[in-house]
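Asks: One structure follows; several queries about it will come next.
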Amino acid sequence: MRSSGVLPAAVAAVALTAGLTGCDDAEGEVLGATPTASAAATTAAVIVPTTTAPARAVHVAHPVLEPIEISCGTAEFGQSITAITIRGDTACDAALTVAEIYAARSRTSGENVVITVAVGTGVWNCRISPAVPNPFQECVNQDNPAEKIRSGS
Numbered sequence: 003m004r005s006s007g008v009l010p011a012a013v014a015a016v017a018l019t020a021g022l023t024g025c026d027d028a029e030g031e032v033l034g035a036t037p038t039a040s041a042a043a044t045t046a047a048v049i050v051p052t053t054t055a056p057a058r059a060v061h062v063a064h065p066v067l068e069p070i071e072i073s074c075g076t077a078e079f080g081q082s083i084t085a086i087t088i089r090g091d092t093a094c095d096a097a098l099t100v101a102e103i104y105a106a107r108s109r110t111s112g113e114n115v116v117i118t119v120a121v122g123t124g125v126w127n128c129r130i131s132p133a134v135p136n137p138f139q140e141c142v143n144q145d146n147p148a149e150k151i152r153s154g155s
């Protein structure tokens, strides 16, 4: 009989031992066997070798939330507001407020000026992005640069 691995070989040895000593009767004793053989047949155990790997720190990867683009509607000055955020729809209230404050302040500032707007716990750096053909206003969250607010026509 040819087998690969320790487990099939051990099972084969148990089966062979049971086959040589007879069959079990209703009470679990091996018929036609001496008490020593009976005890050996009924208490056979499969021994599986184990290996111990060196202890290593387990790294659990946490899901990374990718920013999504959400349309937040139109601000009071007529431009459409878009939030790029990981916070979902809750970002729109802050986005509309930041965009309106930035629009009011940018009227009195020169071009290419960064205007800082603080709303709630967020601080945003806002400026005009010179995109061609349509420039747009963009505010970037200082604490999380992946979060942005864009306003454009």
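My numbering puts the first residue of the sequence shown at 3, with every later residue one more than the last.
Every residue, glycine too, gets a C-beta built ideally from N, C-alpha and C.
(1) Restricting to Cα atoms, I'd like to know which of E71, E102, E78 and I103 is closest to I88.
(2) So what's S82 in DSSP terms, helix, strand or just coil?
(3) List the residues that DSSP assigns as beta-bridge partners of Q139.
(4) What first and last residue would you give for the beta strand (DSSP E) that runs through I117?
(5) Could you give the first and the last residue of the continuous beta strand (DSSP E) run that contains E102?
(6) So the candidates are V115, F138, G75 and K150; which of them puts its Cα closest to the Cα of V125?
(7) CB A97 to CB A85, shorter than 7 Å?
Replies: Taking the coordinates as given:
(1) As a first step, residue 88 is located in the sequence shown; it is residue number 86 there, counting from the start. Cα-wise, what sits closest to I88 is E71.
(2) Indexing the sequence shown from 1 puts residue 82 at position 80. Residue state, collapsed to three classes: strand.
(3) As a first step, residue 139 is located in the sequence shown; it is residue number 137 there, counting from the start. Note: Q139 sits in a beta bridge opposite I130 and S153.
(4) Working through the sequence shown from its first residue, we reach residue 117 at position 115. I117 to V121 is the extent of the beta strand (DSSP E) around I117.
(5) Here residue 102 corresponds to residue number 100 of the sequence shown, with the count starting at 1. Where E102 is concerned, there is no enclosing beta strand (DSSP E), although the alpha helix (DSSP H) it sits in stretches over A93 to S108.
(6) One-based indexing of the sequence shown puts residue 125 at position 123. Of the listed residues, the one whose Cα sits closest to V125 is K150.
(7) In the sequence shown, residue 97 corresponds to position 95, counting from 1. In the sequence shown, residue 85 corresponds to position 83, counting from 1. Taking 7 Å as the Cβ cut-off, A97 and A85 qualify as a contacting pair.
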